[in-house]
Structure formats: structure tokens, C-alpha cells
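Position 287 (the sequence shown) corresponds to 287 in our numbering; numbering is contiguous. Here a beta-carbon is modelled for each residue, glycine too, at the ideal position from N, C-alpha and C. Here the structure is a predicted model, which is why all the values come from computation and not from measurement. Read through the structure below, which is laid out as C-alpha cells, and then see the notes.
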Amino acid sequence: MSKIDNMPALKENRDAIIVRTSIIGILTNVFLAAFKAAVGIISNSIAVTLDAVNNLSDAFSSIVTIIGTKLASKAPDKKHPLGYGRIEYLSSMIVSAIVLYAGITSLVESVKKIIHPEAADYSPVSLLIIAVAIAVKLILGRFVKSQGEKVNSGALIASGSDASFDAILSASVLASAIIFLLTGISLEAYVGVIIAIVIVKAGIEMMTETLDDILGQRPDSEVSRSVKEIIVREPEVRGAYDLIINNYGPDKNYASVHLELPDTMTVEEVDRLTRRIEMNVFRETGVILTGVGVYSYNTGNNEAAAIQNRVQEIVLSHDWALQMHGFYVDTDAKSMRFDVVMSFDITQKEGLGIIGKEIHEAFPEYTLQIIPDTDLSD
């Protein structure tokens, strides 16, 4: 069975893993929150109580993850022909907001306890519960993160990392309790502040990462390079350029690209080639090529090759000119056209002005058509 035929099954399996893992996380965090809340209230410990609140927010985050996954799995329709996959990013943003709110609330309560301290009273049972909670969180974190990496779920990966870090925070609570029992020095309010700051930091980082996904960021280098390598395997293709990969949710990548082909190819030959490339790219990377443009290059013309070499030498003499492609020259009509990929160190208008002036001085009899390209992918 090909990857195309197997896509619905893969999608269904991914959703099932995310939901099942999230449910395990919810149940575990609810139990931990209940035990920690009881310990915190009985021992009058703000650090333990805030740790319980953190577990509760984790449980709520898992609920949001399930809802987001279910909504994102809706089939494409006329209004949203590319599907609802980006809803997962919105659910991740909600999770980030929950974590951030929990952190700010915890910080306020911890500061109140520093200003108006109250002595804590830990029992051996409460310490044992905290120790068990640390072990449970470590196991849960490793499990959730591994499942997230398996199905490429940013929400699960974040939850797994957060759970592992929660174990470290709980260990600091346990350490402050032991210090209090041995020395009588109460650090738990200050530990509460540290926990709150860490939670706030985690919330901000999660929100920033999710915002990058929503805004659209540079595609993964490994993916973009793989796509180009598959394309240039074809003997007719001299180069693959202007690759743009648009993400519409986890594992939903749609792309467009330009191929540099010899000027002797017929439309029918180009059609067969591009269809073969589209199929190979999808089978090997999962990326769907929705548009394939074509540049022609001169064949059997020594004068054209000499002109191209000179033009390329002029263009690439500038550090901000990263690449030149799509070059074609008509020596009879005295015209040439090509694209230049420019870095973000210069505006396209300024770059075009410099390159156009230098090439016009070298080839005053030629008319120029220079297209500026943005450095979109590796």
C-alpha cells in the first residue's frame, strides 16, 4: 500500500495516540493534584499547594489538547479546503495561556506568603507522597514526550517536557521540606516563587513557539533539502529553486517549487516529469507539491554560457546575493532574464539597483529582467 492510500489510517492512528496519551496525563495529574492539595492544606505549605495547582493546570491543558486534536481532524470542506489542522496550534496557544496564568497566580500567592509567613508542618506521610509524585511525574514526562515525538505533536512534546520539569520543581519542594525539618528554616515560600517563575517562563516559551507556527516560519532544513534532492535526481533537472513550504497543521505541508529545465523539452515531456516528481516527493517526504514552475536554460550555445558565467560572477560578488538561477539569454533579441536570491541584510529594491547597474555596464546592449527572490528555505 502506498503512503497516499495509507494517509487516512495514519491520521486516525495519530489522533488515537494523542487522545489516549492525553487521557493518561489527565488522570495522572488529577490524582497528583488531589494528593498534593491535601498535603499542602494539612501541612500549611504554599509550595506544595502551588505544585498541586500546577498539576491541575497540566490536566486542563491535556483536555484542551484532546479538544484541539478532535477539531483539527475534521475533514476538509468547501470553506476550508486545506483542512482544520492549524486548530492544533490554537489549542497549543490556549494551553500556553493556561500555564502562564497558573504561573502568575502562583507568583502572587508566593509573594503574599513571604510578606505574611506561616509555619509549615510536614509529616512523614506528606513527604512520602511528594517523593512518589516526583517519580510518577518523571515516568509520565518521558512517556508523553516519546509519544509526542512519535506522532509529531507539539502539544504532547511540550506536555512531556513540562511534566519532566515539574518533577524537578517537586524535588525542590521536597528538599525545602527536609531542610525545614532538619534546621527549622522555612524556604517553602521562596521555593514557591521559584516554581512560579519557572511556570511563567515555560508559558511564555510555549506561547512564542506556537506563535511562530501560526505566523509561519522557515521550513525544517532537513525537509527542504530532502525535497530538492529528490527533484534533482531527475536527469533533466539542473536545479530546484524558490521552494516554499506552507504548513497547515502537523504533517500537513503544501509546497511550490521552480525547476530549471533545458529549453529543448516539450510541454508533454515537462508534464510527465513534473507529475513524476510530485509523486516521488510525496511518497518520500509527505510534502504535497501543489505548484511546479519552470525556468528554461540555454542549450548548445557557447555565447550564452559565457554571458551567464560573467553575469553570475557579477551577481555573486556581493555577500548579500546568495544565489542566481533561472538564467536565460536571447542573444538575437539581446535580452536576458534571471532571479537573484537576496539575504535579509539588504532591501530588494536596493539590491536590484546595484546589480542592474553593474550588469548594464557590462552588457549595455541587453535589456534586463531581474526578479528578486527571498531566502525562504535551505
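When you compare the CB positions of I214 and M93, do they come within less than 9 Å of one another, or not?
Taking the first residue of the sequence shown as position 1, residue 214 is located at position 214. Taking the first residue of the sequence shown as position 1, residue 93 is located at position 93. In contact: I214 and M93 (Cβ atoms closer than 9 Å).
**Study point:** Per DSSP, the bridge partner or partners of A321
**Key:** Mapped onto the sequence shown, residue 321 falls at position 321. The partner list for A321 (beta bridge, DSSP) reads M342.
Exercise for the section: Could you tell me which residues DSSP pairs with P262 in its beta bridges? Expected result: One-based indexing of the sequence shown puts residue 262 at position 262. Answer is Y297.
For a quick check, are the C-beta atoms of I371 and V340 less than 9 Å apart? Mapped onto the sequence shown, residue 371 falls at position 371. Mapped onto the sequence shown, residue 340 falls at position 340. Cβ distance < 9 Å, so I371 and V340 count as in contact.
Worksheet entry | V108 in three-state terms, based on DSSP | On the sequence shown, position 108 is the one that residue 108 refers to. DSSP places V108 in helix when its eight states are reduced to three.
Q. Taking Cβ positions, are N59 and V30 nearer each other than 9 Å?
A. For the purposes of this step, residue 59 is identified with residue 59 of the sequence shown, where counting begins at 1. For the purposes of this step, residue 30 is identified with residue 30 of the sequence shown, where counting begins at 1. Strictly speaking, residue 59 in this sequence is Ala, with Asn absent from that position. Yes, they are a contact pair.
- Item | Own chain partners of D378 with C-beta closer than 7 Å, once the 5 adjacent residues on each side are dropped | Indexing the sequence shown from 1 puts residue 378 at position 378. Only S221, S224 and R225 meet the Cβ criterion.
Review point. Quick one: is L128 buried, meaning 16 or more other Cβ sit within 10 Å of its Cβ, or exposed?
Key: Residue 128 sits at position 128 when you count from the first residue of the sequence shown. Exposed is the call here.
Endpoints, alpha helix (DSSP H) assigned at A333 = Start at 1 with the first residue of the sequence shown, and residue 333 comes out as number 333. No alpha helix (DSSP H) contains A333, which DSSP labels as neither H nor E.
query = Excluding sequence positions up to five away, which residues of its chain have a Cβ less than 8 Å from the Cβ of R142?
reply = If you number the sequence shown from 1, residue 142 lands on position 142. Here the set comprises G160 and S164.
- Any C-beta of chain D sitting closer than 9 Å to the C-beta of Y295? Any reference to chain D falls outside this structure, which holds one protein chain only.
Practice item. Consult DSSP for I314 and reduce its assignment to one of helix, strand or coil. Key: Position 314 of the sequence shown, counted from the first residue, corresponds to residue 314. Residue state, collapsed to three classes: helix.
Residues in the same chain with beta-carbon distance under 7 Å from Y366, minus the five sequence neighbours each way, listed in chain order, please. By 1-based counting over the sequence shown, the position of residue 366 is 366. Excluding residues within five positions, the ones whose Cβ falls inside 7 Å are K334, S335 and M336.
At a cut-off of 8 Å, would you count T367 as near the ligand NAP, judging by its Cβ distance to the nearest heavy atom? For the ligand NAP, the structure offers nothing, since it holds no ligand at all.
(Q) Helix, strand or coil, according to DSSP, for Q217 in the structure here? (A) On the sequence shown, residue 217 is found 217 positions in, with the first residue counted as 1. Q217 falls in the coil class under three-state DSSP.
How is D242 classed by DSSP in three states: helix, strand or coil?
As a working mapping, residue 242 is identified with position 242 in the sequence shown. Residue state, collapsed to three classes: strand.
Three CB pairs or more closer than 8 Å across the segment 287-295 and the segment 347-358
no
Practice task
Give a yes or no on contact between the segment 162-176 and the segment 52-70, applying the rule of three or more CB pairs nearer than 8 Å.
Solution key: yes
Expected contact under 8 Å - CB spacing of V200 and L107 to nearest Å
Along the sequence shown, one-based indexing puts residue 200 at 200. Along the sequence shown, one-based indexing puts residue 107 at 107. The pair is a contact, with the Cβ atoms about 7 Å apart (cut-off 8 Å).
Handout entry: Cut-off 8 Å between Cβ atoms - residues of its own chain near V198, not counting five sequence neighbours on either side
Key = As a position in the sequence shown, residue 198 is number 198, starting the count at 1. Same-chain partners within the cutoff: G103, F165 and L169.
CB contact flag (G249, Y122, <9 Å): Here residue 249 corresponds to residue number 249 of the sequence shown, with the count starting at 1. Here residue 122 corresponds to residue number 122 of the sequence shown, with the count starting at 1. Cβ atoms of G249 and Y122: not closer than 9 Å.
Check: Which residues does DSSP pair with L289 in a beta bridge?
Finding: Working through the sequence shown from its first residue, we reach residue 289 at position 289. L289 is bridged to A255.
| task | Within the same chain, show all residues whose beta-carbon is closer than 7 Å to that of T264, passing over the 5 residues directly before and after it, in chain order. | result | Looking up residue 264 in the sequence shown gives position 264. Result list for T264: T299, in chain order.
**OP:** Grab me the residues of S343's own chain with a C-beta within less than 7 Å of its C-beta, minus the 5 sequence neighbours each way, in chain order.
**Re:** The count along the sequence shown starts at 1 and reaches residue 343 at position 343. So the list reads W320, L322 and D375, once near-sequence residues are dropped.
Identify which residue in G192, I157 and A171 has its Cα closest to the Cα of S45. Numbered from 1 along the sequence shown, position 45 holds the residue referred to as residue 45. Closest option to S45, Cα to Cα, is G192.
Status (buried if at least 16 other CB within 10 Å, exposed otherwise) for E229 = Your numbering for residue 229 matches position 229 in the sequence shown. Exposed, by the Cβ-count rule.
Let me check understanding here. Comparing Cα to Cα, which of D345, V19 and A133 lies closest to A34? If you number the sequence shown from 1, residue 34 lands on position 34. Taking only the C-alpha atoms, the option nearest A34 is A133.
Going by C-alpha to C-alpha distance, which of G216, S110, G239 and V315 sits closest to G326? For the purposes of this step, residue 326 is identified with residue 326 of the sequence shown, where counting begins at 1. That would be G239, whose Cα lies nearest to the Cα of G326.
If you follow the alpha helix (DSSP H) that I139 is part of, which residue opens it and which one closes it?
The count along the sequence shown starts at 1 and reaches residue 139 at position 139. Per DSSP, I139 belongs to the alpha helix (DSSP H) from P124 to V151.
*Grab me the residues of E236's own chain with a C-beta within less than 7 Å of its C-beta, minus the 5 sequence neighbours each way, in chain order.*
Numbered from 1 along the sequence shown, position 236 holds the residue referred to as residue 236. Cβ neighbours of E236 beyond the five flanking positions: L261, P262, M265 and L273.
What residue range does the alpha helix (DSSP H) around L352 cover? Mapped onto the sequence shown, residue 352 falls at position 352. Unbroken alpha helix (DSSP H) run through L352: Q348 to A362.
message: Mapping the DSSP letters down to three states, classify R233 as helix, strand or coil.
response: Taking the first residue of the sequence shown as position 1, residue 233 is located at position 233. Residue state, collapsed to three classes: coil.
So, helix, strand or coil for K3, using DSSP?
Start at 1 with the first residue of the sequence shown, and residue 3 comes out as number 3. For K3, the pLDDT reaches just 42, beneath the cut-off of 50, and the residue's location in the model is therefore unreliable, leaving the point undetermined.
* **Neighbour-count burial assignment, L156, 16 or more Cβ in a 10 Å radius** => Along the sequence shown, one-based indexing puts residue 156 at 156. So L156 ends up on the buried side.
Quiz item: Y328 by DSSP, collapsed to three states: which one?
Solution: As a first step, residue 328 is located in the sequence shown; it is residue number 328 there, counting from the start. Three-state result, Y328: strand.
DSSP state of L50, grouped into three classes? Translated into positions along the sequence shown, residue 50 becomes position 50. Looking at L50 - three-state DSSP - the assignment turns out to be helix.
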